[in-house]
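There are 2 protein chains.
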Amino acid sequence: MQMTPMIESFVMHFGEMGSRWGFNRTVGQMYALLVISETPLSANQIAEALSVSRGNVSMGLKELQSWQLIKQHHVPGDRKEYYQSAGTIWEMANRVFEERRKREMDPTLTLLRGIMLETPENKEEIYAQQRLQEIHDLLETISKWTSELQQMNPDTLGTLMKLGSGVGKVIDMKNKLMKTNKTPERKPDNE
Amino acid sequence: MQMTPMIESFVMHFGEMGSRWGFNRTVGQMYALLVISETPLSANQIAEALSVSRGNVSMGLKELQSWQLIKQHHVPGDRKEYYQSAGTIWEMANRVFEERRKREMDPTLTLLRGIMLETPENKEEIYAQQRLQEIHDLLETISKWTSELQQMNPDTLGTLMKLGSGVGKVIDMKNKLMKTNKTPERKPDNE
DNA sequence: TAGAAGTTTCAGTAATTATTGAAATTTAAA
DNA sequence: TTTAAATTTCAATAATTACTGAAACTTCTA
């Protein structure tokens, strides 16, 4: 497994970014390699391509599997396991969002819910609880929203994305059509 | 600055999560403290509350300022600077999204654009370029989409969020209303 | 069931990242 | 200005995180 300069630049970059996306450098590089490789790769090929120990690759594969980002590929008559990236790019992005939601938002939501149940002891805590409530509501909204987006079918999602901020107009239109009485608390919408 | 158990549990938790949100433990704790404190705090108060060095606080404040998450508060006749969290919870979330977009997506988009301009040298590179193009398009869509969401006014945004996956129905409705004959069945083309 | 091929585990170590604290710098009242 | 109060900087060091490689384990075939 010898990487061409083009492929290497992408793999190395993904390694650097990896830490920002929630995994370490080697895991990022491994994933990049599997994404741009048409054929599945064995653990040894990965280790060789990235100049990294076999053990490290083993741990990285475990991690990528826990993210459900790769799948195994068994070749009959060959005892080695081969690995390749799983699903379309959109599906992969979904996995990453999902996993990050679990890691970044869910634990905080749980903590905040617990705190909201406590009885404030003084003026500071009353104020604190108010802010925590706001944070909780925001996180919950974002969390629900993203998980629902993920359940939408890709076509609708595509339309939605391409609409961009034009979605605001669509919502105005809907509101007009439905002649809702419970008008927005504040000012009427304008972009 | 003595923290009550409730406040401490939140501050400590935010410290732990901090690393997942793009800053280190101390910065996360500092921000949590400023968010739940009704009155602005001096650097020394922060250092004392968190049992952390004055120098560390100084660096943390710099970081939070670079994220535009806090603002200074000057008290006439007092030489110390005081700090408090800036804006509403929604605005803060926006800041974090914005900053993360800059750090997590923009550099990759730049790199990918560069690679797309290269001439593939062999079969592997042709395949690789195709996948990189897909990643590029996805990132660009998400990037544009999120930055447009952020420019929407909070009410529309709120409606949109509350709609959740119901937004799919709204879009279907819109498509029906606009009923063009050249409706593409397979690929949802752009508007 | 033996043993070769392959994978995983994890203690030790390397690399990276965060923190301290003392010195240098800045700030503002007198 | 001067000077004391406050802040920032950064080299040294602590804490954390990632990686290696050899041993333990698993799996498949004969």
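Top to bottom, those sequences are chains Z and Y.
The working numbering runs 87 ahead of the 1-based position in the first sequence.
The working numbering runs 87 ahead of the 1-based position in the second sequence.
Don't be surprised by glycine CBs; every beta carbon is placed ideally from N, CA and C.
Keep in mind the model is a prediction, meaning the values are calculated, not measured.
Query: 8 Å Cβ cutoff, M93/Y in contact with chain Z; Result: yes
Query: Counted within 10 angstroms of its Cβ, other Cβ atoms place V114/Z as buried (16 or more) or exposed; Result: buried
Query: Any C-beta of chain Y under 8 Å from that of W154/Z; Result: no
Query: Contact with chain Y by A136/Z, beta-carbon distance below 8 Å; Result: no
Query: Beta-carbon gap between M248/Z and W232/Y smaller than 8 Å; Result: yes
Query: Residues of the region 222 to 235 of chain Z whose Cβ lies closer than 7 Å to any Cβ of chain Y, in chain order; Result: I222, L225, T228, K231, W232, E235
Query: Cβ pair L128/Y, Y169/Y closer than 8 Å; Result: yes
Query: Candidates E235/Y, I258/Y, S234/Y, of which the one nearest D242/Z by Cα; Result: I258/Y
Query: Neighbourhood of P275/Y by C-beta, 8 Å cutoff - its chain only, sequence neighbours within 5 removed; Result: Reliability of the predicted coordinates at P275/Y is poor, the pLDDT of 42 falling under 50, and no value is obtained from them.
Query: Of the residues E208/Z, T126/Z, S172/Z, the one placed nearest Q303/Z, counting alpha carbons only; Result: Residue 303/Z is absent from the structure shown; chain Z starts at 88 and stops at 278.
Query: Beta-carbon proximity list for F110/Z, same chain, < 7 Å, skipping 5 on both sides; Result: E150
Query: Chain Z contact for N268/Y (CB, 8 Å cutoff); Result: In this prediction, N268/Y has a pLDDT of 49, which is less than 50 and means its spatial position is unreliable; nothing more can be read from the coordinates.
Query: Distance between M104/Z and E95/Y (C-alpha atoms, nearest Å); Result: 32 Å
Query: Buried or exposed (CB count within 10 angstroms, at least 16 for buried), V122/Z; Result: buried
Query: Enclosing beta strand (DSSP E) for S172/Z [first to last residue]; Result: 168 to 172
Query: Residues in the region 121 to 135 of chain Z having any Cβ partner in chain Y nearer than 8 Å; Result: V122, I123, S124, E125
Query: Close-in-space but distant-in-sequence residues of the same chain around L137/Y (CB under 6 Å, 5 per side omitted); Result: Q116
Query: Range covered by the alpha helix (DSSP H) that runs through Q216/Y; Result: 210 to 238
Query: Limits of the unbroken beta strand (DSSP E) element including Q89/Y; Result: Taken as a continuous stretch (DSSP letters only), Q89/Y belongs to no beta strand (DSSP E), as it is neither H nor E.
Query: Beta bridge counterpart(s) of L128/Z as assigned by DSSP; Result: Y170/Z
Query: C-alpha distance - E186/Z paired with R107/Y, whole-angstrom precision; Result: 12 Å
Query: Cβ pair count under 8 Å reaching 3, the region 157 to 169 of chain Y against the region 208 to 224 of chain Y; Result: no
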